[in-house]
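Right, one structure below, let's go through it.
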Amino acid sequence: MSQLDNPDTPPDASAPQDEAWTCLLHLETQVQLTQASLIHHTTELSTLRQTTDYISQSLQALLERLPPRTAPSPVAEPSQAALAVPAAAPGVPAGPQAQLPHPALPNTYNGDHTSGERFFQSCLTYIHLSRDAFDSDVLKIAW
C-alpha cells in the first residue's frame, strides 16, 4: 500500500510532498481554531443579545411607570432691554465708547495630549467672546 492509498498517514520525511503535507496540517489546525473561535463568539453574541433584551424590557417597564409627559411651557425670549448693558455698570466706563473688558488669552498649549481638549475649549471661548475681532472663518483658523 502506497502513501497515496492512505491519506491519513503522514508521508516519510524524505518524501517530496513533505512540505505540502506540513502546509495541509497547518491549514487543518487553523480551520479547527477558527471553528472554536466562531463557537466562542457565537456564544458571547447570544449572551449579549439576552442582556440587551433584558435591558430593553427593564427600560420599557420604567417608561411605563413614568407619569405622562406634559408639553413644556414656552420660554420667553429676553427683551432687547434685558440684553443691553446698563450705562452705569460697575467697571464699565460710561459714554459712547463703553466696552466690556477683553477676555483673557488662552494659556499657551504645551503639547500635552491630556490638556488638549481644555486648550481647544478655551480658544473657542476666546473667539466667541471676541466676535468683533474674528469676523471670518479665515481669521479664526489663522489665529
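Quick note on numbering: the sequence shown equals residues 3 to 145 in our numbering. The C-beta atom is built at its ideal place from N, Cα and C for all residues, glycine as well.
Asked: Pick from L107, F121 and A106 that is closest to V113, judged by C-alpha positions; Found: Checking the sequence shown, residue 113 turns out to be Gly, not Val. Comparing Cα-Cα distances from G113 to each of L107, F121 and A106, the minimum goes to F121.
Asked: C-beta atoms of P105 and T127 nearer than 9 angstroms; Found: yes
Asked: Helix, strand or coil at F136 according to DSSP, with G and I counted as helix; Found: coil
Asked: DSSP three-state assignment for V94, whether helix, strand or coil; Found: Because the pLDDT of V94 is 47, which lies under 50, any placement of that residue in the model is unreliable, and the number read from its coordinates should be weighed accordingly. If DSSP states are grouped into helix, strand and coil, V94 belongs with coil.
Asked: Contact check, S132 vs N109, beta carbons under 9 angstroms; Found: no
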